[in-house]
Amino acid sequence: MIHKIVATGIILLFLVMTVTGTGKIDENDVTSLAIAHTMGNNNNTQFQGFPEDFMGIGKTCYGYQVYPNPDLLVWFDIDYPGFLHMIGIPISSDKIAGGTWVDGVWWCCEYVPISNSNIWIIDHVTGEMTLVGASGSSEGLHGLAYDDTTRTMYACGSTNLFTIDMETGAATLVGSFGISDSVMIGIASDGYGNIYGEDLHTDSLHSIDPATGTATLVGPLGLDLNYGQDMAIDKENGICYLSAFTVHAGNEGALYTCNLTTGTTTKIGNLGSEPTQITGFAIPYRLNNPPNPPIIDGPTEGKVGVEYEYSFISEDPESDDIDYMIRWDDGYITQLFDRPSGEVVYVNHTWNERGIYTIKAKAIDAFGLESDWAYLEVSMPVNQQNSHPFLNFFTDHFPFLHQLFQYFLQQRL
Numbered sequence: 012m013i014h015k016i017v018a019t020g021i022i023l024l025f026l027v028m029t030v031t032g033t034g035k036i037d038e039n040d041v042t043s044l045a046i047a048h049t050m051g052n053n054n055n056t057q058f059q060g061f062p063e064d065f066m067g068i069g070k071t072c073y074g075y076q077v078y079p080n081p082d083l084l085v086w087f088d089i090d091y092p093g094f095l096h097m098i099g100i101p102i103s104s105d106k107i108a109g110g111t112w113v114d115g116v117w118w119c120c121e122y123v124p125i126s127n128s129n130i131w132i133i134d135h136v137t138g139e140m141t142l143v144g145a146s147g148s149s150e151g152l153h154g155l156a157y158d159d160t161t162r163t164m165y166a167c168g169s170t171n172l173f174t175i176d177m178e179t180g181a182a183t184l185v186g187s188f189g190i191s192d193s194v195m196i197g198i199a200s201d202g203y204g205n206i207y208g209e210d211l212h213t214d215s216l217h218s219i220d221p222a223t224g225t226a227t228l229v230g231p232l233g234l235d236l237n238y239g240q241d242m243a244i245d246k247e248n249g250i251c252y253l254s255a256f257t258v259h260a261g262n263e264g265a266l267y268t269c270n271l272t273t274g275t276t277t278k279i280g281n282l283g284s285e286p287t288q289i290t291g292f293a294i295p296y297r298l299n300n301p302p303n304p305p306i307i308d309g310p311t312e313g314k315v316g317v318e319y320e321y322s323f324i325s326e327d328p329e330s331d332d333i334d335y336m337i338r339w340d341d342g343y344i345t346q347l348f349d350r351p352s353g354e355v356v357y358v359n360h361t362w363n364e365r366g367i368y369t370i371k372a373k374a375i376d377a378f379g380l381e382s383d384w385a386y387l388e389v390s391m392p393v394n395q396q397n398s399h400p401f402l403n404f405f406t407d408h409f410p411f412l413h414q415l416f417q418y419f420l421q422q423r424l
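Sequential numbering from 12 applies to the sequence shown in our numbering.
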């Protein structure tokens with residue numbers, strides 16, 4: 012199919028910008044356009060605001076608008092991709108091709124037709140771009156993906172997988188995808204060490220071995236991909252999204268979900284209000300881990316009817332506030348709420364019957380993830396002064412009267 016971009020013709024990746032019907036806008040015009048939009052002027056339908064009912068419904072995600080002119084950094088609601096919002100004007104010499112999200116930061120690779128793509132960090136609020144460095148890649152880079160399990164950034168060219176040094180931007184070859192005439196146009200990681208890629212030449216989804224670069228077919232996308240694309244996975248729910256530009260309906264840009272088991276895609280909606288090409292696609296996420304089991308400290312022996320102090324401390328990997336659930340093994344439960352991670356909390360408790368008790372405590376973070384239980388065994392031994400069975404019964408079942416009796420006895424003595 013002549014509209015396809017094969018490896019030898021990849022330089023045409025972004026020439027879709029030459030489509031007629033758009034005028035050139037200089038930087039001042041773009042700034043004025045943004046100000047007008049902020050004030051509610053929707054004459055430019057590409058950057059119309061959300062209907063009031065839509066605000067805050069879905070997650071905000073980010074991308075690089077390649078077409079229509081001019082090139083812009085934008086954000087949109089993932090559930091309503093038709094409403095694009097300008098962040099800023101890119102300063103890179105070439106187009107931004109791939110994007111990914113890492114620890115609250117938007118990372119991108121700059122497309123260069125032959126080799127040595129630049130790696131950038133983009134401020135998703137202001138649009139400020141910071142150059143990390145030249146990758147030195149043997150081919151132009153199209154996509155980025157970050158593996159949270161190994162804290163490794165990966166990049167794809169048409170035919171090869173690379174790792175990226177996040178300090179310098181330098182690329183290191185991992186290996187070939189092993190697909191004939193492949194044009195791996197975008198990659199994404201699911202946060203569990205799995206990497207996926209979309210191949211422009213075969214219109215299909217592949218799983219990619221991060222150790223070798225070998226790509227294994229998952230299934231056809233059911234789309235006719237055309238020119239630059241990108242993909243991202245929302246790591247909070249495992250849903251894969253494609254910011255696809257296709258031949259459908261005369262070069263249509265749209266957002267799709269993609270089934271990672273079959274490759275099947277489902278359209279969410281068009282990107283923008285006219286044919287729009289979005290690359291550098293990134294979805295913010297926050298991976299959450301459960302708190303550590305609490306450390307319990309306090310007396311391991313005591314007497315019935317005596318109050319003892321115990322301390323509990325847990326740390327949350329993301330420094331979320333912590334709730335505590337404490338079971339005293341005598342039918343009583345203590346709950347503590349919204350305690351700072353790493354802060355020692357103190358709780359007093361009294362056992363009213365002799366026996367061996369196991370204190371159980373667990374920590375719950377602000378998102379409901381629970382730690383394992385922690386344990387501390389406590390013994391309430393027989394009071395030698397009250398070794399007679401009747402006195403033991405009296406002590407266990409009437410502790411207040413027992414304490415009152417002890418008080419009068421001491422006063423008499």
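In this text, a Cβ means the ideal position worked out from N, Cα and C, and glycines have one as well. Predicted model only: the values in this text are computed from it and were never measured.
Exercise for review: Could you spell out where the beta strand (DSSP E) holding P231 opens and where it closes?
Suggested key: For P231, the enclosing beta strand (DSSP E) starts and ends at 226–231.
Practice item. Please check the pair D327 and F348, which I expect to be a contact at CB under 8 Å, by giving their CB distance rounded to whole angstroms. Key: Between D327 and F348, the beta carbon gap of about 14 Å keeps them out of contact (Cβ cut-off 8 Å).
**Study point:** Cβ pair count under 8 Å reaching 3, the stretch 233–252 against the stretch 286–303
**Key:** Taking 8 Å as the limit for Cβ pairs, the verdict is that the stretch 286–303 does touch the stretch 233–252.
Check your understanding: Should F378 be labelled buried (16 or more other beta-carbon atoms within 10 Å of its own) or exposed?
Key -> F378 should be labelled exposed.
Exercise for review: Taking W112 as the reference, give the member of I102, G224, T71, M195 with the closest Cα.
Suggested key: Comparing Cα-Cα distances from W112 to each of I102, G224, T71, M195, the minimum goes to T71.
**Study point:** Assumed close pair R7, K371 - CB separation to whole angstroms, cut-off 8 Å
**Key:** Nothing can be reported for residue 7: it is not among the residues displayed for the chain, which extend from 12 to 424.
Practice item. Counting only the same chain and skipping the five closest in sequence on each side, list residues whose C-beta sits under 6 Å from that of L278. Key: A quick correction: the sequence has Lys, not Leu, at residue 278. Non-local C-beta neighbours of K278 in its own chain, meaning closer than 6 Å and more than five positions away in sequence, comprise A265, Y267, ordered along the chain.
Check your understanding: Applying the criterion that 16 or more other CB atoms from any shown protein chain within 10 Å of the CB defines a buried residue, is V123 buried or exposed?
Key -> So V123 ends up on the buried side.
Point to revise | Whole-angstrom distance between R365 and S322, CA atom to CA atom | key: Take the alpha-carbon of S322 and the one of R365: they are about 22 Å apart.
Review point. Below 9 Å between beta carbons: does that hold for A480 and F188?
Key: Since the displayed the chain opens at 12 and closes at 424, residue 480 lies outside it and no answer follows.
Practice item. Can you tell me which of the three DSSP states G93 falls into? Key: The answer is strand: DSSP assigns G93 an E or B state.
Review point. How is H2 classed by DSSP in three states: helix, strand or coil?
Key: Lying before the first or after the last residue shown, residue 2 is absent from the chain, which here runs from 12 to 424.
**Study point:** For H259, the three-state DSSP class (helix, strand or coil)
**Key:** Three-state DSSP puts H259 in a helix.
Practice item. Run the CB neighbour count on V77, radius 10 Å, all protein chains shown included, and call it buried at 16 or more, exposed below. Key: In summary, V77 is buried, with 16 or more beta-carbon neighbours lying within 10 Å of its beta-carbon over all protein chains present.
Practice item. Return the bridge partner residues of T268 from the DSSP annotation. Key: Looking at the DSSP assignment, T268 forms a beta bridge with Y252, T277.
Point to revise | Contact under 9 Å by Cβ, A145 with N127 | key: By the CB criterion at 9 Å, A145 and N127 fall inside the cutoff.
Check your understanding: In this structure, does DSSP put N359 in helix, strand or coil?
Key -> N359 carries a strand assignment under DSSP once its states are collapsed to helix, strand and coil.
Check your understanding: Mapping DSSP to helix, strand and coil, what is I102?
Key -> Coil.
Review point. So, is Y386 buried or exposed, given that buried needs 16 or more other C-beta atoms within 10 angstroms?
Key: Exposed, because fewer than 16 other Cβ atoms sit within 10 Å of the Cβ of Y386.
Check your understanding: Once you ignore the five residues that flank S149 on each side, which residues in its own chain have a CB closer than 6 Å to its CB?
Key -> S126, listed in sequence order.
Review point. Nearest to S382 by alpha carbon, out of Y238, W118, N300?
Key: That would be N300, whose Cα lies nearest to the Cα of S382.
**Study point:** Under 9 Å between C-beta atoms of I425 and G208
**Key:** Because the chain here runs from 12 to 424, residue 425 falls outside it and cannot be looked at.
Practice item. Going by DSSP, name the residue or residues bridged to T163. Key: Answer is D158, bridged to T163.
Review point. Going straight from the alpha carbon of G110 to that of F87, what length do you get?
Key: Whole-angstrom Cα-Cα distance: 15 Å.
Exercise for review: Give every residue of the same chain whose Cβ lies closer than 6 Å to the Cβ of L253, excluding the five residues on either side of it in the sequence, and list them in chain order.
Suggested key: Cβ neighbours of L253 beyond the five flanking positions: M242, Y267, C269.
Check your understanding: Would L83 be called buried (16 or more neighbouring beta carbons within 10 Å of its own) or exposed?
Key -> When all chains shown are included, L83 counts as buried.
Point to revise | Coarse secondary structure for E285, derived from DSSP in three states | key: In the structure shown, E285 falls within a coil segment according to DSSP collapsed to helix, strand and coil.
Review point. Closest to I307 by CA distance: which of V315, S325, G313 is it?
Key: It is S325.
Practice item. Quick one: grab the DSSP three-state call for N171. Key: Strand at N171.
Practice item. Figure out for me which residue from I375, P286, E388, T272 has the closest Cα to the Cα of Y238. Key: The shortest CA-to-CA distance from Y238 to any of I375, P286, E388, T272 is the one to P286.
Point to revise | Proximity to F94 [Cα-Cα], best of L282, V116, D341 | key: Looking only at L282, V116, D341, the smallest Cα-Cα distance to F94 is reached by L282.
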